[in-house]
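Undergrad:
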Amino acid sequence: MRYMESQKKNKKSSKKVSNKTSLRRFDEWCFKLESYVITLGLSIFIAPLIFFLSFYVHEGGHMIYAILDNLLIYRRFPEIIISNWVDAPIFSFIKLPQQTMILNGRFSLNFALGGIIFTLFVSIFLSYIFYKYSKNENKKWIFSFPVLFLLHDIAGNYICGTDNPTSLPLILCGHSQIFHNTTIAIPFLMMIPTTIILLPYIQHGLKKLVNSL
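Counting from 49, one number per residue, gives the positions in the sequence shown under the working numbering.
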């Protein structure tokens, strides 16, 4: 009898342990799912905003090179304006600068390539700062941003834009839609590294929130 009773107790205790383990696994699964959904939702907004900021950095590069060239070579301060603004993809209420024009100054190759060079420099510099000082376990993904910015600038501004020695879209642009498609795809591709980098922060924040309740 005692043996039978002990067996029943062992079965009950093993069931309790099994139930607790299943509940813990379910909680972990819910936590992961919740953190993924929140991170993806934030990335949908953050990735395009990062992409939109690159337009301002790009045109800022044109302005910097135009000013430096005209001051150092021609000893004059140029008058520069943003000559064209476009609607942002998806978020059409946001206006993005697309073209810089020198009204009173000299055009140069440095000015034409200044946007691409400056965007690449700024993105690499900020990525390095983040990588050096961040404790994020996925921080190496930050270096995908300079690559994506470079792809966008080459396809959208150099080949299919005016940031080249001819100041006109290259013939190569008219022969293939791949360059236009690349430009459209960049904001969506940026969601991948954005999600991966944000995930540890979201999970850490959710754990702190759960522990505080």
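Glycine residues also receive a C-beta, built at the ideal position from the N, C-alpha and C atoms.
Keep in mind that this is a model prediction, so the values were computed, not measured.
1. For residue 168, collect the residues of the same chain with a Cβ closer than 7 Å to its Cβ; drop the 5 residues on either side in sequence, then sort them by chain order.
2. Could you say if the segment 118-134 and the segment 149-161 meet the contact criterion of at least three C-beta pairs nearer than 8 Å?
3. In chain order, what residues of the same chain lie with their CB nearer than 8 Å to the CB of residue 245, ignoring the 5 residues before and after it?
4. When you compare the CB positions of residue 239 and residue 83, do they come within less than 8 Å of one another, or not?
5. Short check: CB of residue 35 to CB of residue 99, under 8 Å?
6. Under 8 Å between the Cβ atoms of residue 157 and residue 211?
7. Let me check understanding here. Comparing Cα to Cα, which of 73, 144, 130 lies closest to residue 101?
8. How far does the alpha helix (DSSP H) with residue 172 in it reach, from first residue to last?
9. Have a look at the DSSP bridge pairing and note the partners of residue 148.
TA: This is what the structure gives:
1. 194, 197, 198
2. yes
3. 184, 186, 187, 189, 190
4. no
5. This structure cannot speak to residue 35, because the chain is shown only from 49 to 261.
6. no
7. 144
8. 157-181
9. 130
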